[in-house]
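Below is one structure, written out as structure tokens; the observations come after it.
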Amino acid sequence: MNASCFAVAGSPPKQAELLYILDQATPEAKIIIIFLMFFSIMAWSVMAYKAFQMRRAKQLNKYFTAEFKTQKTVLDLFDRRIQAEGCPLFAVYQAGSVELDTRLKSAAGEARKRHVSIKSMEHVKRLMENTVAQEALKLESGLIILAIAVSGGPFLGLLGTVWGVMSTFGRVAQAQSASLVEMAPGVSAALITTVAGLLVAIPSMFGYNWLVHNLRVLTVELDNFAQEIVSKMETEYLSDE
Numbered sequence: 166m167n168a169s170c171f172a173v174a175g176s177p178p179k180q181a182e183l184l185y186i187l188d189q190a191t192p193e194a195k196i197i198i199i200f201l202m203f204f205s206i207m208a209w210s211v212m213a214y215k216a217f218q219m220r221r222a223k224q225l226n227k228y229f230t231a232e233f234k235t236q237k238t239v240l241d242l243f244d245r246r247i248q249a250e251g252c253p254l255f256a257v258y259q260a261g262s263v264e265l266d267t268r269l270k271s272a273a274g275e276a277r278k279r280h281v282s283i284k285s286m287e288h289v290k291r292l293m294e295n296t297v298a299q300e301a302l303k304l305e306s307g308l309i310i311l312a313i314a315v316s317g318g319p320f321l322g323l324l325g326t327v328w329g330v331m332s333t334f335g336r337v338a339q340a341q342s343a344s345l346v347e348m349a350p351g352v353s354a355a356l357i358t359t360v361a362g363l364l365v366a367i368p369s370m371f372g373y374n375w376l377v378h379n380l381r382v383l384t385v386e387l388d389n390f391a392q393e394i395v396s397k398m399e400t401e402y403l404s405d406e
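Residue numbers (our numbering): 166 to 406.
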């Protein structure tokens, strides 16, 4: 009994399961895992940055909307030279106001005319629509990385798994032995790349869907605000002729 106790006490400690599987992985699988880890860092960075960007845009839109509702005329905020950098609604309002102010003045320094033509108002409307599209593209930038992570992560993991299983069966065939002890390490090491791919794709999928939903909400708010601004501009400055 004492001998067995010494044998147990002197036996080397078992390696952690995950570390053992990684140690058994082929060089190709390790390269794929490292690439997936890098991709995961990029995906999480994009999700964190875009979440902060959209949250900030919502807050600035809220503050600007509250201020806009207090003005008496559509160009009141423009005349007061109020600035709200980073606010999508302000960018739309500023673009329309600058264009309308330019068309209300026939030359620099002259007083504004009371009315503008339908053609001039159409130019203002198109410029604001273009600004809405530009602001939507700014909010959308970077989401392609999450889309690639969602669609490409599992396939990269599957590639590592197939490659690892192929290598395992090749070694077994060369050794002319098909025991479970020889096959299990290689197969388990091959499957870890699929796990790594899913760990990249699953969080990216939830983050992508959440960000796309918020992007659609913000885009609808921009469209509605642009229409509201155009309606007020037409009411105040559009000529009846």
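Just so you know, even glycine gets a beta-carbon here, dropped at the ideal spot from N, CA and C.
8 Å contact criterion, which G351 and G329 should meet: CB distance rounded: As a first step, residue 351 is located in the sequence shown; it is residue number 186 there, counting from the start. As a first step, residue 329 is located in the sequence shown; it is residue number 164 there, counting from the start. Yes, G351 and G329 are in contact; Cβ-Cβ is about 6 Å, under 8 Å.
Cβ neighbour criterion (16 or more within 10 Å) applied to L383: Residue numbering aside, residue 383 sits at position 218 when the sequence shown is read from its first letter. When all chains shown are included, L383 counts as buried.
Where V281 sits in the DSSP three-state scheme: Against the sequence shown, residue 281 aligns to sequence position 116. Three-state result, V281: strand.
Where L403 falls: helix, strand or coil (DSSP): Within the sequence shown, the letter at position 238 stands for residue 403. L403: strand per DSSP, three-state reduction.
Cβ separation of Y258 and I394, assumed to be a contact under 8 Å, to the nearest whole Å: Working through the sequence shown from its first residue, we reach residue 258 at position 93. Working through the sequence shown from its first residue, we reach residue 394 at position 229. The pair is a contact, with the Cβ atoms about 6 Å apart (cut-off 8 Å).
Collapsed DSSP secondary structure at V289 in the structure displayed: For the purposes of this step, residue 289 is identified with residue 124 of the sequence shown, where counting begins at 1. Of the three classes helix, strand and coil, the one that applies to V289 here is helix, per DSSP.
Delimiting residues of the alpha helix (DSSP H) encompassing L323: For the purposes of this step, residue 323 is taken as residue 158 along the sequence shown, with counting starting at 1. Segment 308-340, the alpha helix (DSSP H) holding L323.
Simplified DSSP assignment, three categories, for L240: Along the sequence shown, one-based indexing puts residue 240 at 75. Looking at L240 - three-state DSSP - the assignment turns out to be coil, as it is neither helix nor strand.
Beta-carbon separation (whole angstroms), I310 vs V211, contact threshold 8 Å: Translated into positions along the sequence shown, residue 310 becomes position 145. Translated into positions along the sequence shown, residue 211 becomes position 46. 5 Å between Cβ atoms; contact.
Proximal residues to N379 (C-beta, below 6 Å), its chain only, five neighbours per side dropped: Here residue 379 corresponds to residue number 214 of the sequence shown, with the count starting at 1. Same-chain partners within the cutoff: M219.
Of the residues L324, F233, N389, Q248, the one placed nearest M293, counting alpha carbons only: Within the sequence shown, numbered from 1, the residue matching residue 293 stands at position 128. For M293, the nearest C-alpha among the options comes from N389.
CA nearest to the CA of A314, picked from A361, V263, E182, D266: Position 149 of the sequence shown, counting from 1, holds the residue named residue 314. The shortest C-alpha separation from A314 is found at A361.
Under 7 Å between C-beta atoms of L254 and N226: Here residue 254 corresponds to residue number 89 of the sequence shown, with the count starting at 1. Here residue 226 corresponds to residue number 61 of the sequence shown, with the count starting at 1. Yes; because the gap between Cβ atoms is below 7 Å, this pair is in contact.
Whole-angstrom distance between Q236 and P319, CA atom to CA atom: Here residue 319 corresponds to residue number 154 of the sequence shown, with the count starting at 1. Here residue 236 corresponds to residue number 71 of the sequence shown, with the count starting at 1. If I take the Cα positions, the gap works out to 53 Å.
Three-state secondary structure assigned by DSSP to A249: Your numbering for residue 249 matches position 84 in the sequence shown. The answer is coil: DSSP assigns A249 none of H, G, I, E or B.
Neighbour-count burial assignment, G116, 16 or more Cβ in a 10 Å radius: Residue 116 falls outside the range modelled here, since the chain spans only 166 to 406, and no answer is possible.
Nearest-angstrom beta carbon gap, I197 and L324 [assumed within contact, 8 Å]: For the purposes of this step, residue 324 is identified with residue 159 of the sequence shown, where counting begins at 1. For the purposes of this step, residue 197 is identified with residue 32 of the sequence shown, where counting begins at 1. Yes, L324 and I197 are in contact; Cβ-Cβ is about 7 Å, under 8 Å.
Between the CA atoms of M348 and V337 - distance to the nearest angstrom: The residue given as residue 337 occupies position 172 in the sequence shown. The residue given as residue 348 occupies position 183 in the sequence shown. Near 7 Å, if we compare the C-alpha coordinates of M348 and V337.
Helix, strand or coil at K195 [DSSP, three-state]: By 1-based counting over the sequence shown, the position of residue 195 is 30. In the structure shown, K195 sits in a helix (DSSP, three-state: H, G or I).
Proximity of V297 and A391 at Cβ, strictly below 7 Å: Position 132 of the sequence shown holds residue 297. Position 226 of the sequence shown holds residue 391. In contact: V297 and A391 (Cβ atoms closer than 7 Å).
Contacting residues, own chain, Cβ-Cβ under 7 Å from F371 (five flanking each side not counted): Looking up residue 371 in the sequence shown gives position 206. Here the set comprises nothing.
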